[in-house]
Structures are given as structure tokens and as C-alpha cells.
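Asker: Below is the structure I would like to discuss, written out as C-alpha cells.
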Amino acid sequence: LGVTIHLSCNQKEEKGITYPPTDLEQAALIPKPVHVEATGDAFGLDKNTKLFIDTDPVEFREVGRFLSEKIAAVTSLELPLKPTEPLISERGIFIMKSEDTLYDNPEAYKLKISRDSILLEAHTPEGAFRGVQTIRQLIPNFANDTLAEHPIWPIPTGVIKDKPSLAYRGAMLDVARHFFSVDEVKKYIDALAYYKYNIFHIHLTDDQGWRIEIKSWPKLTEVGGQTEVGGEAGGFYTQEEYVDLVNYAAKHYITVVPEIDMPGHTNAASVAYPELNGNGKKPELYEGTKVGFSTWDTRKEKVYEFIDEVIGELVTMTPGPYIHIGGDESHATKKNDYVYFIEKVEKIVEKHGKTMIGWDEIATANVSKNSIAQFWASEENAAEAVKKGLKVIMSPAKKAYLDMQYDPSSKHGLHWAAYIPVDSAYTWSPVTYSSKIPREHILGIEAPLWSETISNSEELEYLAFPRAIGYAELGWTPDEKRDWEDYSKRLARQLPYLQRMNIAYYPSSRVDWE
Ligand code: TNX
14 LGVTIHLSCN QKEEKGITYP PTDLEQAALI PKPVHVEATG DAFGLDKNTK LFIDTDPVEF
74 REVGRFLSEK IAAVTSLELP LKPTEPLISE RGIFIMKSED TLYDNPEAYK LKISRDSILL
134 EAHTPEGAFR GVQTIRQLIP NFANDTLAEH PIWPIPTGVI KDKPSLAYRG AMLDVARHFF
194 SVDEVKKYID ALAYYKYNIF HIHLTDDQGW RIEIKSWPKL TEVGGQTEVG GEAGGFYTQE
254 EYVDLVNYAA KHYITVVPEI DMPGHTNAAS VAYPELNGNG KKPELYEGTK VGFSTWDTRK
314 EKVYEFIDEV IGELVTMTPG PYIHIGGDES HATKKNDYVY FIEKVEKIVE KHGKTMIGWD
374 EIATANVSKN SIAQFWASEE NAAEAVKKGL KVIMSPAKKA YLDMQYDPSS KHGLHWAAYI
434 PVDSAYTWSP VTYSSKIPRE HILGIEAPLW SETISNSEEL EYLAFPRAIG YAELGWTPDE
494 KRDWEDYSKR LARQLPYLQR MNIAYYPSSR VDWE
């Protein structure tokens with residue numbers, strides 16, 4: 014038995030159209046929402062649907078505009094944007110501010126879909142934006158136009174109440190080993206936003222390149238940005254381009270976390286300004302993929318003046334609360350010098366009003382509990398971070414590294430930590446991964462994509478997709494609601510989206526792509 018849906022254009026006529034049954038509980042939503050209740054009917058999205066948006070706060074309107082642009086891209090429907098008052102009784106899609114704080118979670122939203130309306134409620138624009146992604150995922154890829162005089166996109170009815178289980182859900186891109194253009198980064202951000210990521214960590218500097226313009230130290234990019242792994246021309250972002258990226262991410266309610274990796278991974282900067290160098294060798298531009306050979310001279314005051322100015326400029330362009338200072342694999346720095354360095358740099362970051370994030374090694378220093386450790390390899394370091402009261406971001410290389418090959422035949426990637434097939438990437442939990450990192454200390458999950466073996470969007474997408482889609486669900490959906498069998502079916506149904514977005518995903522044979 015089908016359901017009857019009424020065309021929004023024909024509301025005065027009693028004429029209805031019969032569709033196959035719809036089931037909100039069977040929708041291919043990723044991440045899977047916390048609560049879904051299906052009512053077995055359909056809302057007909059068509060050329061007469063209007064979009065009603067609360068005008069206070071003003072950001073709601075931008076979120077509405079975003080939805081209307083995305084609906085136009087899929088359906089060619091140009092939905093007019095209207096204020097909610099006083100038209101509340103009309104049919105259409107409504108985005109409204111809820112006075113209720115919805116689980117006290119700024120990203121929470123509620124969706125009520127009936128035959129006549131789609132009502133999205135959120136307490137914050139951020140919550141509304143996450144809910145908009147759910148609406149986008151519910152729009153079928155093709156109109157059911159064999160049954161009506163004009164195309165209609167039937168959307169299943171029911172109620173969704175949703176919020177993320179982890180506050181920090183990030184993806185990292187290494188633009189230092191190989192440089193990625195602003196447009197390539199934006200394309201990645203588009204897909205991350207669709208799956209409700211809220212953090213984009215950009216690894217801006219490393220031995221092979223310095224990718225962010227610093228006006229008080231111009232040679233960093235002029236000299237340090239010239240090359241990349243393999244010896245191709247590198248590149249860098251001007252401050253204007255970086256700000257453009259930050260704004261683009263912000264429009265998607267994604268916070269940019271910039272990383273200046275130090276005191277190791279600093280060869281490119283030391284080539285530009287040899288007075289920073291601490292390993293006694295005359296530095297030259299490096300185009301290989303070794304790690305752990307560079308360091309700054311951590312006992313030189315000049316080095317901290319430099320860092321203060323670099324972070325000072327970065328902070329003026331970075332509205333988000335975090336500055337990532339790297340701190341990993343400083344094998345050429347003596348232990349005491351490393352500890353001294355991290356403590357000094359933490360003070361500089363705090364002085365600029367930001368929270369410091371560093372790779373798990375920073376826990377070996379006497380860092381403050383306000384800083385954040387990113388666990389990637391050493392559970393011992395992570396345990397030390399927990400002991401010192403720090404929050405931890407979960408990026409275990411064996412599970413969450415997007416640069417690990419799927420299997421030995423993978424075209425790109427490394428395998429020093431593991432091979433990570435699509436199911437293995439999904440079947441773990443950031444909150445129970447390590448008995449040494451209790452849940453209360455876990456801020457979130459991040460999937461780093463190191464770029465030794467990739468240099469363009471196509472190669473990036475081969476490694477990131479589909480695994481990054483699974484990490485989105487690991488960060489959002491509570492453990493007890495996750496299951497590989499169920500997830501892999503929803504993943505297979507992402508294909509039309511991936512194709513439409515021209516994403517060169519890896520078609521793993523462990524997923525039944527239909
Ligand atoms: C380890 S992960 C690194 C990176 C490499 C990566 C390659 C981390 C904090 N450091 O410098 O790019 O392995 O997988």
C-alpha cells in the first residue's frame with residue numbers, strides 16, 4: 014500500500030498522488046541520528062515549496078540560504094526564502110530557533126517531517142546547520158516524476174532528535190609534504206560538512222615546506238614554500254587566501270585548527286632563517302620523506318621571539334580557539350630542551366588567548382590541563398596527558414590514519430602503523446579504544462591525512478573516502494547505535510552523492526556498492 018501525498022501547489026485541490034511507502038528509519042543517513050521515529054508518509058518537495066527561516070539570529074538566514082543553494086544543485090528547484098512570521102500556517106520547509114537548549118548541546122537539532130511541512134528546530138545556527146545536512150541527505154537523488162505533472166522529491170516523514178556524542182570531530186590535511194590549492198581544500202571541506210564534521214586541522218608547516226605567509230618573516234614562504242616531496246614546485250597560502258579558507262570553513266560551521274609543527278619538522282623554516290636551526294647542520298630544502306632530523310635551537314631567545322610573531326599573525330586570522338603546535342617526533346631535540354621548549358611555547362599560545370593542542374609527545378612536558386593532547390601513537394604519553402588533566406583527541410594511527418593503505422595493493426598511502434580496510438576503520442570506538450584514556454578525558458576524534466604519497470584531490474579522495482565518512486559517524490553516533498552491517502549498507506547508498514560531487518572514492522570490495 015502506498016501513501017498519498019498532497020502537492021504543495023495544489024493545496025486547495027483534494028487531488029493526491031500515491032507513492033511507494035517511505036520509511037525514515039531506513040534512510041541512508043550518516044552519521045546515524047540518535048533518535049529516529051518513522052511515520053510512513055511523505056512530504057513532497059516540489060517547485061512550489063517555500064523555505065521559511067527565522068530572522069533572529071541573523072545566521073539562521075545564512076543557514077537557510079545554504080540549504081536552498083544545495084537543494085537547487087540537486088533538484089534545480091529554486092526555493093524562495095521567506096521569514097517565518099506570519100506565514101507559519103503555510104506548507105513548506107521551516108528553520109526555526111528553539112528556545113529549548115536541546116540537550117544543552119550547541120549542535121543539537123530536531124526535525125519534524127509531516128506531509129505538509131519540514132520543521133527544523135535548533136537553539137543555535139550551528140545546530141540548524143547540522144540539521145540542514147540531515148535534510149540534504151533525505152532528498153532523493155531523482156524526482157518521482159512519473160506520477161505527477163511536475164517532478165516531486167518525496168521525503169519520508171517522522172521525527173529526528175539528534176546531537177553529537179563527541180564535541181570535536183575533525184579531519185586533518187597535511188599541506189606541507191604536498192601543497193593543496195585553496196579550491197582543493199574547499200572541496201574537501203564541502204564533503205566534511207555534509208557528514209557533520211566540525212573541525213578542519215591544517216598541517217601548515219613541516220620539513221618539506223612552510224605554507225602560510227607570515228608578513229614579519231617573509232622568507233618562510235618565499236624560500237621555505239618553494240618545494241615539496243618529490244621536488245615539484247610547492248606553494249603557500251597568502252594571508253588573504255588563508256582567511257578565505259577560514260571563512261569558507263566557518264560558513265560550514267567548521268573551525269580551522271592551524272598547525273605550526275615545532276621544534277622538530279622545521280627544516281623548511283630553518284632554511285629560510287638559519288639562525289633558528291639547532292641541529293648544527295647547514296640546512297637545505299628537503300624533498301624526501303624522512304622524519305625526525307630537524308630541530309630549532311630551543312635555548313635561543315630569538316627562537317621564541319620568532320614563534321611569538323608567527324603565532325601573533327596566525328591568531329589575527331584564526332577566530333577558532335585552538336593553535337596546534339605539533340611537538341611530534343622531535344628526535345633531534347634533547348629531552349630537556351624539548352620539555353623546556355613546549356612549556357615556553359604553551360605560554361606564548363596562552364598569551365595570545367588560545368588553547369594549545371599538540372601531538373601526544375607534549376604530555377612529557379609540564380603542560381597545563383587547559384592544553385589538549387592529540388593521541389596518535391603512544392598510549393604512555395596519552396596516559397601521562399590524562400594524569401596531568403588534559404583532554405585528549407583520539408587519532409590512533411592504527412585505526413584513524415587516512416594515509417594508511419587499505420591493503421597492500423592500495424595505489425597510495427603508507428603502512429607503517431597498519432593496513433586499514435574500510436571495515437577496520439569503522440569497527441572501533443574512540444571512547445573505549447584505550448583503557449588508559451577514560452571517556453571523561455576524550456574531547457573527540459580526528460582523522461589525519463598525511464600527504465607524503467598524495468598530491469592532488471583525486472589522490473586525497475582515494476585515501477579519505479570512504480573512510481572519512483565512517484569517522485564522522487564514530488564521532489557523532491553513540492557506540493550502541495553503531496553496527497558495521499547496518500553502516501555499510503548506508504555507506505553504499507552514499508554513491509550518488511560521491512558521484513555528484515565528483516569524489517574519486519576508493520570502491521572497496523568490502524562494501525556492497527549496489
Ligand atoms: C607520523 S603522526 C608523523 C608524520 C608523518 C606520518 C605518516 C605524526 C604526529 N607524525 O610526520 O607524516 O607519520 O603516516
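Taking full-length UniProt numbering as reference, the numbering of the sequence shown is continuous, increasing by one, and the terminal residue is 527.
Just so it is clear, CB atoms sit at the ideal spot from N, CA and C, and this is done for glycine as well.
Do you know how far the Cα of Y518 is from the Cα of G144?
Answerer: Counted from its first residue, the sequence shown places residue 144 at position 131. Counted from its first residue, the sequence shown places residue 518 at position 505. For G144 and Y518, the distance between alpha carbons rounds to 25 Å.
Asker: Any idea if K123 is buried or exposed, counting beta-carbon neighbours within 10 angstroms, 16 or more meaning buried?
Answerer: Counted from its first residue, the sequence shown places residue 123 at position 110. Buried, since its Cβ has 16 or more Cβ neighbours within 10 Å.
Asker: Look at the Cβ atom of V269, then the Cβ atom of G333, and state whether they are nearer than 8 Å.
Answerer: Here residue 269 is taken as the residue at index 256 of the sequence shown, counted from 1. Here residue 333 is taken as the residue at index 320 of the sequence shown, counted from 1. Yes, these two residues count as a Cβ contact at 8 Å.
Asker: Report yes or no: do three or more beta-carbon pairs, one from the segment 397 to 416 and one from the segment 372 to 384, lie closer than 8 Å?
Answerer: yes
Asker: Which one of D175, V435, L289 has the shortest CA to CA distance from A481?
Answerer: Locating residue 481 in the sequence shown gives position 468, counting from the first residue. The shortest Cα separation from A481 among D175, V435, L289 belongs to V435.
Asker: Buried or exposed for T308, please, with buried defined as at least 16 other CB atoms from any protein chain shown within 10 angstroms of its CB.
Answerer: Looking up residue 308 in the sequence shown gives position 295. Classification for T308: buried.
Asker: Taking 8 Å as the threshold (C-beta atoms), are E459 and H216 in contact?
Answerer: To locate residue 216, count along the sequence shown from 1; it is residue 203. To locate residue 459, count along the sequence shown from 1; it is residue 446. For H216 and E459, no; Cβs fall outside 8 Å.
Asker: Expressed to the nearest angstrom, what Euclidean distance is found between the alpha-carbon atoms of D203 and R495?
Answerer: By one-based count along the sequence shown, residue 203 stands at place 190. By one-based count along the sequence shown, residue 495 stands at place 482. When rounded, the distance between both Cα atoms is 24 Å.
Asker: Once DSSP output is grouped into helix, strand and coil, what is the label at Q387?
Answerer: Here residue 387 corresponds to residue number 374 of the sequence shown, with the count starting at 1. Residue state for Q387 is assigned as strand, using DSSP reduced to three classes.
Asker: Please return the same chain residues whose Cβ sits closer than 7 Å to the Cβ of G243, not counting the five positions on each side in sequence.
Answerer: Taking the sequence shown and counting its residues from 1, the one referred to as residue 243 is at position 230. If we look at G243 and ignore the five residues flanking it on each side, its Cβ neighbours are E300.
Asker: Where does D492 sit, in a helix, a strand or coil, going by DSSP?
Answerer: Translated into positions along the sequence shown, residue 492 becomes position 479. DSSP places D492 in helix when its eight states are reduced to three.
Asker: Per DSSP, which one or two residues make a beta bridge with F56?
Answerer: Taking the sequence shown and counting its residues from 1, one reaches residue 56 at position 43. Answer is I168, bridged to F56.
Asker: Does the segment 247 to 262 touch the segment 339 to 357, meaning 3 or more C-beta pairs lie closer than 8 Å?
Answerer: no
Asker: May I have the straight-line CA-CA distance separating L327 from I370, to the nearest angstrom?
Answerer: Taking the first residue of the sequence shown as 1, we reach residue 327 at position 314. Taking the first residue of the sequence shown as 1, we reach residue 370 at position 357. Distance between the alpha carbons of L327 and I370 is about 15 Å.
Asker: Contact between the segment 475 to 489 and the segment 502 to 519: three or more CB pairs below 8 Å?
Answerer: yes
Asker: Please list, in chain order, all residues of the same chain as L151 whose beta carbon is under 7 Å from its beta carbon, the five residues on each side excluded.
Answerer: Start at 1 with the first residue of the sequence shown, and residue 151 comes out as number 138. A40, I168, P169.
Asker: Give the secondary structure of H365 by DSSP, where H, G and I count as helix, E and B as strand, and everything else as coil.
Answerer: Locating residue 365 in the sequence shown gives position 352, counting from the first residue. The answer is coil: DSSP assigns H365 none of H, G, I, E or B.
Asker: Within a Cβ cutoff of 6 Å, which residues of the same chain sit near A396, ignoring the five residues on either side of it in sequence?
Answerer: By one-based count along the sequence shown, residue 396 stands at place 383. Answer for A396: K449, listed in chain order.
Asker: Could you tell me the distance, in whole angstroms, from the CA atom of Q24 to the CA atom of H163?
Answerer: For this step, residue 24 is matched to residue 11 along the sequence shown. For this step, residue 163 is matched to residue 150 along the sequence shown. Because Q24 carries a pLDDT of 37, less than 50, the predicted location of this residue cannot be relied on, and no value is offered for it.
Asker: Which word fits N280, buried or exposed, when buried means at least 16 other C-beta atoms lie within 10 angstroms of its C-beta?
Answerer: Position 267 of the sequence shown, counting from 1, holds the residue named residue 280. Classified as buried, N280 has 16 or more neighbouring CB atoms from the shown chains inside 10 Å of its CB.
Asker: Using a Cβ-Cβ cut-off of 6 Å (strictly less than) and excluding sequence neighbours within five positions of Y261, which residues of its own chain qualify?
Answerer: As a first step, residue 261 must be located in the sequence shown, where it is residue number 248. Excluding the 5 residues flanking it on each side, Y261 has same chain C-beta neighbours closer than 6 Å at K199, in chain order.
Asker: Output needed for V352: all residues of its chain with C-beta closer than 6 Å, excluding positions within five of it in sequence on either side, in chain order.
Answerer: Position 339 of the sequence shown, counted from the start, is the residue given in the question as residue 352. Excluding residues within five positions, the ones whose Cβ falls inside 6 Å are A378.
Asker: Tell me which residue opens and which closes the beta strand (DSSP E) that T268 is part of.
Answerer: What you label residue 268 is simply residue 255 of the sequence shown in a count that begins at 1. Here the beta strand (DSSP E) through T268 covers 268 to 275.
Asker: So E120 is in the alpha helix (DSSP H); what residue range does that whole segment cover?
Answerer: Counting from 1 along the sequence shown, the entry for residue 120 is found at position 107. It is not in any alpha helix (DSSP H) - E120 carries neither H nor E in the DSSP assignment.
Asker: Enumerated in chain order, which unbroken segments of the beta strand (DSSP E) with a length of 3 residues or greater are wholly contained in the segment 203 to 253?
Answerer: 212 to 216
Asker: Which residue wins for smallest C-alpha separation from T62, given the options L37, L92, D187?
Answerer: Within the sequence shown, residue 62 is the residue found at index 49, counting from 1. Ranked by how close their Cα comes to the Cα of T62, the residues L37, L92, D187 have L92 in first place.
Asker: Indicate the three-state DSSP secondary structure (helix, strand or coil) for G371 in the structure shown.
Answerer: Your numbering for residue 371 matches position 358 in the sequence shown. G371 falls in the strand class under three-state DSSP.
Asker: Spatial neighbours of A141 within its chain, please: C-beta separation below 7 Å, excluding the five flanking residues on both sides.
Answerer: Reading the sequence shown from its first residue, position 128 is the one you call residue 141. Within the same chain, A141 has close Cβ partners F73, V76, I108, Y122, L133, A135.
Asker: Please state whether the Cβ-Cβ distance between residue 528 and L64 is less than 8 Å.
Answerer: Since the first and last residues shown for the chain are 14 and 527, residue 528 lies out of range.
Asker: Do the segment 186 to 195 and the segment 229 to 245 meet, that is, are 3 or more Cβ pairs less than 8 Å apart?
Answerer: yes
Asker: Residues bridged to W309 by DSSP?
Answerer: Counted from its first residue, the sequence shown places residue 309 at position 296. N290, per the DSSP bridge assignment.
Asker: Taking 7 Å as the line, does the beta carbon of E241 fall inside it for any heavy atom of ligand 1?
Answerer: Residue numbering aside, residue 241 sits at position 228 when the sequence shown is read from its first letter. For ligand 1, not one heavy atom lies less than 7 Å from the Cβ of E241.
Asker: What residue from T329, F388, K174 has the CA that sits closest to T114's CA?
Answerer: Here residue 114 is taken as the residue at index 101 of the sequence shown, counted from 1. Nearest C-alpha to T114: K174.
Asker: L456 to L179, Cα distance in whole Å?
Answerer: As a first step, residue 456 must be located in the sequence shown, where it is residue number 443. As a first step, residue 179 must be located in the sequence shown, where it is residue number 166. Straight-line Cα distance between these residues: approximately 6 Å.
Asker: Taking only runs that begin and end inside the UniProt domain "Glycoside hydrolase family 20 catalytic" (352 to 491), name each unbroken beta strand (DSSP E) of 3 or more residues, in chain order.
Answerer: If we require 3 residues or more, the beta strand (DSSP E) runs fully inside the UniProt domain "Glycoside hydrolase family 20 catalytic" (352 to 491) come out as 368 to 372, 385 to 388, 404 to 407, 455 to 462.
Asker: So which of R128, I375, K45 has the shortest CA-CA distance to F56?
Answerer: Residue numbering aside, residue 56 sits at position 43 when the sequence shown is read from its first letter. Of the candidates R128, I375, K45, the one whose C-alpha sits nearest the C-alpha of F56 is R128.
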